[in-house]
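Everything below concerns the one structure shown next.
Residue numbers (the numbering used here): 3 to 432.
Here you go:
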């Protein structure tokens, strides 16, 4: 089968989408962007290929099965177990590096504390994440290895190792970078076989179906017939210029493919914000872009999360619990951080501060929208920040306040829109 690849190398996340010759998505892959952009792009592509094989397996099982089997649920369980096994491999690698770095610390007391911590909690930290994978409670906003591990690790430090918190966080930071930049060559068949063995007991009677069809799926070639790279870091991709395209064009095309009536696109990514006007063909007619700093973007939210010692995935849910929005005067990362600390010192609730920060982000984005031509029906919200429910809330409010009741689209694939647009552009060249 002919497939086409789109890679969106963003400043915070790297995405890949594989489509078939009809333009239908068969695979998605995502990872957090590392200092090694080439590794990040390759990992995203590998994940898209793995996801494509699960999609093909799903189709094959549903078409061949005559009994009332909930293949949707079973394939979801199988894929979650597959991803857990990937996590486990990288987790064990990180543990090896952390033990090694702990042993080399000049402060021998700290070295002993770190080694004791790792020995005591190595198994429980892994089991905590394993349970999330096996119970399908992994959040889409915290699915990356770094986020999953750090949430468990930081919780352990805050509970029992407060006196050594900063030093043990530094040990983690020093250890995870080389592990993230190391590409592990996972074998699909091997991990899929292991994943089958981790399925619930009531799925055992389906093992033969899984194994028989896995062999067929593994033989399918998913080498792309063509490919295009886009995104903030697109010039760092190991692609020739003919395989590079503007992220503005790709986000517009991706949004139009999912929502054909789209006329305005707002993309809030990790490093920049783009307000885009499109025609009925998904082609860009005008745009405005904030790329001078990361204020009001994903990196800004990451900075705020660090200031509050929480994960990025917790920001939106916390902001949704606010009883009012604190007045944040600046979305400059440095000044907003100062305002945040001042509010905390005055006893303001974190939820209210975060609500004010989220509202300020959206207000900044709406300045770009106004300069690009305003909001026209339909309005589509794309980019990684579209996963943040508090940002979506304020976007919806401000669209209605400024432009009336319009159709607002925010899709589960919002973060993949750039990669999807790139894949569709590559498919159209054939």
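Note that beta-carbon positions come from the ideal geometry of N, C-alpha and C, so glycine has one too. Fair warning: this is a prediction, and the values are worked out from it, not measured in the lab.
Boundaries of the alpha helix (DSSP H) around residue 171: 167-182. With 16 or more other CB atoms across the displayed protein chains lying within 10 angstroms of its CB, residue 341 is buried. Secondary structure at residue 188: coil, using DSSP grouped into helix, strand and coil. Contact between the segment 212-225 and the segment 250-264 is absent, with fewer than three C-beta pairs closer than 8 Å. Non-local beta-carbon contacts of residue 193 in its own chain, meaning distances under 8 Å to residues more than five positions away in sequence, involve 84, 87, 88 in chain order. Excluding its 5 nearest sequence neighbours in each direction, residue 60 has C-beta neighbours in its own chain below 7 Å: 73, 77, listed in chain order. Taking the CA atoms as reference points, residue 349 sits about 15 Å from residue 358. Boundaries of the beta strand (DSSP E) harbouring residue 229: 228-232, taken from the DSSP string. Beta bridge pairing from DSSP links residue 397 with no other residue. For residue 11, the secondary structure class from DSSP, reduced to helix, strand or coil, is strand.
Less than 8 Å divides the Cβ of residue 232 from the Cβ of residue 424. In the structure shown, the three-state DSSP call for residue 303 is helix. Between residue 379 and residue 265 a beta carbon distance of about 6 Å is seen, short of the 8 Å cut, so the two are scored as contacting. Taken through DSSP and simplified to helix, strand or coil, residue 127 comes out as helix. As computed with DSSP, residue 71 is found in no beta bridge at all.
Beta-bridge annotation (DSSP): residue 358 is not paired with any residue. For residue 346, the three-state secondary structure derived from DSSP is helix. Counting only the Cα atoms, residue 44 lies some 25 Å from residue 131. Ranked by Cα distance from residue 252, the first of 280, 227, 272 is 280. In this structure, the straight-line span from the alpha carbon of residue 244 to that of residue 234 is close to 17 Å. Spanning the alpha carbons of residue 22 and residue 195 requires a straight line of approximately 26 Å. Under the DSSP definition of a beta bridge, residue 36 lacks any partner. In the DSSP assignment, residue 158 falls within the alpha helix (DSSP H) that extends over 147-162. In the structure shown, the three-state DSSP call for residue 421 is helix. In this model, residue 96 and residue 125 are separated by some 13 Å (Cα to Cα). By the criterion of at least three beta-carbon pairs nearer than 8 Å, the segment 178-188 is in contact with the segment 89-109. Around the C-beta of residue 109, fewer than 16 other C-beta atoms lie within 10 Å, and the residue is accordingly described as exposed. The beta carbon of residue 40 lies closer than 8 Å to those of 238, 239, 240 in the same chain, with the five residues before and after it left out. Boundaries of the beta strand (DSSP E) harbouring residue 291: 286-292, taken from the DSSP string. Counting along the chain, the unbroken beta strand (DSSP E) around residue 267 starts and ends at 266-270. The Cβ-Cβ distance between residue 5 and residue 227 falls below 8 Å.
As the crow flies, the alpha-carbon of residue 140 is around 38 Å from that of residue 288.
Spatial neighbours of residue 273 in its own chain (CB-CB distance under 8 Å, excluding positions within 5 residues in sequence) are listed in chain order as 12, 13, 14, 234, 293, 296, 299, 300, 301. By the CB criterion at 8 Å, residue 392 and residue 416 fall outside the cutoff. Look at residue 381 here: in three-state DSSP terms it is strand. Close CB contacts of residue 166 within its chain, under the 6 Å cut and outside five residues either way in sequence, are with 115 (chain order).
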